[in-house]
Every structure is written in structure tokens, then in C-alpha cells.
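Residue numbers (the working numbering): 247 to 653. Glycine included, each C-beta is placed from N, C-alpha and C at the ideal position. One structure below.
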Ligand SMILES: Cc1cc2nc3c(=O)[nH]c(=O)nc-3n(C[C@H](O)[C@H](O)[C@H](O)COP(=O)(O)O)c2cc1C
Ligand code: SF4
């Protein structure tokens, strides 16, 4: 019997197996953040593939938290009927689903308008210089996360996952690199994690029993002066004490972006999309050399596992881990050795939504996703989520461009 295909109870929800579709931005919502037919098709297919639990791509909880056009929204009551359709489509297959709650903070495309953050630290990946949030605005955002969770519950979701990772707003508060405040919301590790803890407490109080409240937390920034593991573990301990339903491990932010989804860096796609055109030739060449060096020196498989092991020792909360996990044998071993309870898969299910069914049959099964990161770059540039391996990007650009900048 494969351990990955044993059931697991998350809060009061029974999962049929240990495989979780990790949150993956879809870039398929309409301009008001509403659910579209494309989103329904994507989630129907994922649910049909036999995965034990689905986490949606990040949905913005406040209009100023939308990082890119095409992002799913949960910032207004009018969005509930569409979200409810999405839940129904997935529940038809008896698959539970969590809505990921997100706010982009400073990781907002320049054409989206003013970006807000704990401190006005420029984002070198986009050139955006955010405005520092006022204390009253931070308190409003704690409420906005609670309101969004209540909407998710009304729409029928089995729970939510707070996005406290990948360099978005909640992570920006945790990190000493992006949070330079000296008031009650920054200056010490305790004050930096206050935003995450308060909004999580608010969500737990307002959603009540039987609703999954998970948190995906960054444990490292991979940036000088950034968040470190011991500080992140302390935050995990406090989340554990609040009684959350699950923790998922993440690392990296846009400025260190490669560390979020490690694999190849598709220079041809970056060139064809013109994403490096603004850089002087010398900088472009040094970027390419650095990128190749980083990609060749860092592990691309199972790269968040060491962090999961460290967090596991500190908390009792069920733990999810992903990050370059591709082989069923590895998934089984992670469960068997108690390194984590659930395995998250993002890019593998972009390429093969039906992968869980195949892995259930094949003892030595491996996902066919090659971590080429063409989808990562293209979704980031505003194209809808799908596997772009082998796609001619210059043709695609002419035919299919939504003309937007993505997550
Ligand atoms: C196209 C794309 C979009 C993503 N969007 C999100 C997101 O909205 N929220 C999030 O927490 N992680 C997001 N991630 C990160 C994944 O959930 C995951 O942590 C990462 O890709 C590593 O797992 P994998 O090797 O299974 O892909 C995204 C990754 C990709 C490739
Ligand atoms: S483009 Fe396809 S093969 Fe490449 S990382 Fe994305 S899903 Fe995997």
C-alpha cells in the first residue's frame, strides 16, 4: 500500500489521499476578479484527476491587493456566487477545496496602481516603490482577511489558506528586509509576525469550527538581511498554539524569485517576451551568467524538505511540503518517515492534472513536468495557466497575449 494514497483527516475534513494541488496562480479571472468558464474547466479537470485536496491560486482580499489582471478576487460580496460555482464544480468529485487568501503588497505590477507595503522598500524585480501602510490601514487589512474568509465559507469552500509567503504582503511583514517599521508592526521578530498572527486569529474567530484554516509560510527569503529559519520557526510555533489546521512550507520572494519555483531559467522565453529589454547589455549578460550559476549549483528536487524537517520538530500542526517533488517513491518516503503529512504539487499538476490517478497505479511513477519554468514565466507575464513546454512563444505572443503583466 502506498502511503501517499492513504486517507488523512484535516480538521473535520476527510482527504482521500495525501496529494494536494498546491496554490498556483491561474491568470484566468475576469477584469473584476470573477470566476470564468476557463477557471471552472481548470478546476473540474484537477478534481477529476484524483488529487486529495485543492488549493486555489491566491485570491486578493482587498482591491489594492490585486497584483495583476486575471487574478481571482474575494474582496467583495458580489464575488461569492461565482466562487460558489467553482466550489460546486470541485465538490461534484467529492474533492475538498481551500481558497488561498492573498494581498500582493509591493509585488504589484506597475500598471495596477499604488502598491502598499510595511515600508517603502523598492522592489528591484519590478522597480515598484511602495507606500508604507498607515497603522489604521493595517488594522483594516486584518479585517479584510477576516471578511474574505467569511465569504469563502459562504461560498462553500472547505477552508482557506493564508498566503504568508512568496514575497506577498503577509510575508513582507514577516521579513526584516521588507519590514523596517519601528511601531507596533515591526522592529522586533514579535512585532513583525503580529500582522500574520492577528489576521489568523481573526479568521479563526470569525469562521468557527469545522473550517480549515491553513497557512503557507515563508521560512527564508534567500536575500541578505531577510527572514531566517529560526525566526520563521518561532512564528510557526505561535500559529500552532492558535490552533490552525495545517502549515505549508515555502521560501523566496520575487527579488530572489528563482527560489520559489526552482528548475531551469528559460532565457529564450525571457528574451522572446522582451522581459530583459530594459536592462543594459552588461547587466543582461551578468544576469544570465548568475542565473545559470544559481540554477546549476542549487538542488531542484525536494528542496523544501530540510525546512519541513526543522519545522516538524517544533509544531504538532499537520504539515504540507512541496517544492520539486516528482517521484512517488519520494512522496511515500516523506509520509513514511513522518517528515510531512501531505505532499503539495504545483507544476506537476499544471502539466498533468490527472497525475494522482496515474501515480496511484505506478509504484515507480514520476511526474513528467521537467521544471523548465516556462509556465512560471508565462503566467508571470499575463498568459493563462497551462504547460508551455514545447510552445513557440513568439507565435503565442502574436495569437494569445492577454496583454497583461501577471503575478
Ligand atoms: C505558475 C505558478 C504560479 C504560482 N502561484 C502561486 C500562488 O498563487 N500562491 C502560492 O502560494 N504559490 C504559488 N506558486 C508556488 C507553488 O505553489 C509551489 O510552491 C512551487 O511551484 C514549488 O512546487 P512545485 O515544484 O510542485 O511546482 C506558483 C507556482 C507557479 C509555477
Ligand atoms: S511548462 Fe510544463 S514542463 Fe515546464 S515547468 Fe511548467 S508544467 Fe512543468
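Hey, would you say the C-beta of residue 225 is under 6 angstroms away from at least one heavy atom of ligand 2? Nothing about residue 225 can be read from this structure; the chain reaches only from 247 to 653.
Identify the residues that DSSP records as bridge partners of residue 467: which are they? DSSP lists no partner for residue 467.
Count the other CB atoms, across all protein chains shown, that sit within 10 Å of the CB of residue 658; report buried if there are 16 or more and exposed otherwise. A question about residue 658 goes unanswered here, because the residues of the chain that appear run from 247 up to 653.
Looking at the structure shown, is residue 461 part of a helix, part of a strand, or coil, going by DSSP? strand
Return helix, strand or coil for residue 546, following the three-state DSSP convention. coil
Should residue 611 be listed as close to ligand 1, given that the test is whether its C-beta is under 6 angstroms from any heavy atom? Of the heavy atoms belonging to ligand 1, none sits nearer than 6 angstroms to the Cβ of residue 611.
Given the structure, does residue 313 come close to ligand 1, in the sense that its CB is under 6 angstroms from one of the ligand's heavy atoms? no
At least 3 beta-carbon pairs within less than 8 angstroms: the segment 321–336 vs the segment 360–373: no
Kindly list the residues whose CB is nearer than 7 angstroms to the CB of residue 308, restricted to its own chain and excluding five residues on each side of it in sequence; keep chain order. Correct list, in chain order: 321, 349, 387 and 390.
Using the three-state DSSP reduction, which class does residue 407 fall into: helix, strand or coil? In this structure, residue 407 counts as strand in the three-state DSSP scheme.
Compare the C-alpha of residue 296 against each of 604, 403, 613 and 643 and name the closest. 604
Measuring only from the beta carbon, is residue 425 closer than 6 angstroms to any heavy atom that is part of ligand 1? Checking the 6 angstroms criterion, the Cβ of residue 425 is out of range of every heavy atom belonging to ligand 1.
Using three-state DSSP, classify residue 248 as helix, strand or coil. coil
Distance, residue 419 Cα to residue 441 Cα: 7 angstroms
Have a look at 459, 302, 281 and 421 and flag the residue whose alpha-carbon is nearest the alpha-carbon of residue 392. Checking every option, the nearest Cα to that of residue 392 belongs to 459.
So, helix, strand or coil for residue 336, using DSSP? DSSP places residue 336 in the helix class (H, G or I) of the three-state scheme.
Measuring alpha carbon to alpha carbon, tell me which residue in 621, 449 and 503 is nearest residue 488. 449
Let me check one thing: in DSSP terms, what residues is residue 274 bridge-paired to? Bridge partners of residue 274: none, in fact.
Alpha carbons only, please: which of 317, 408, 556 and 472 is nearest the one belonging to residue 347? 408
Where do the ends of the alpha helix (DSSP H) carrying residue 577 lie? 574–582
Pop quiz: residue 567 and residue 495 are said to be a contact at Cβ under 8 angstroms. What is the actual Cβ separation, rounded to whole angstroms? With 8 angstroms as the limit, residue 567 and residue 495 qualify as a contact, their Cβ atoms being about 5 angstroms apart.
If you run the structure through DSSP and keep just helix, strand and coil, what is residue 536? helix
By how many angstroms is the C-alpha of residue 640 removed from the C-alpha of residue 647? Its pLDDT being 48, under 50, residue 647 is placed unreliably by the model, and nothing is read from it.
Quick one, are the C-beta atoms of residue 229 and residue 545 less than 7 angstroms apart? A question about residue 229 goes unanswered here, because the residues of the chain that appear run from 247 up to 653.
Contacts around residue 650, its chain only, beta-carbon distance under 7 angstroms, and the 5 residues preceding and following it disregarded: Confidence at residue 650 is low in this model, with a pLDDT of 46, below 50, so the placement of that residue should be treated as unreliable; the coordinate-derived value is given next. Correct list, in chain order: 314, 315, 316 and 628.
Start and end residues, beta strand (DSSP E) containing residue 359: Taken as a continuous stretch (DSSP letters only), residue 359 belongs to no beta strand (DSSP E), as it is neither H nor E.
Consult DSSP for residue 261 and reduce its assignment to one of helix, strand or coil. strand
Beta strand (DSSP E) containing residue 294: first to last residue? Element bounds for residue 294: not the beta strand (DSSP E) but the alpha helix (DSSP H), 283–294.
When you compare each of 625, 620 and 642 to residue 634 by their alpha carbons, which one comes out closest? 620
Would residue 249 and residue 587 be called neighbours here (beta carbons separated by less than 7 angstroms)? Contact: no.
Ignoring anything shorter than 4 residues, give me the alpha helix (DSSP H) runs that lie fully in the segment 471–536, in order along the chain. 475–488 and 513–518
Let me confirm a value: residue 652 is counted as buried when at least 16 other C-beta atoms fall within 10 Å, else exposed. Which label applies? For residue 652, the predicted structure reports a pLDDT of 45, less than 50, and the residue's modelled location is therefore unreliable. The matter cannot be settled from this model.
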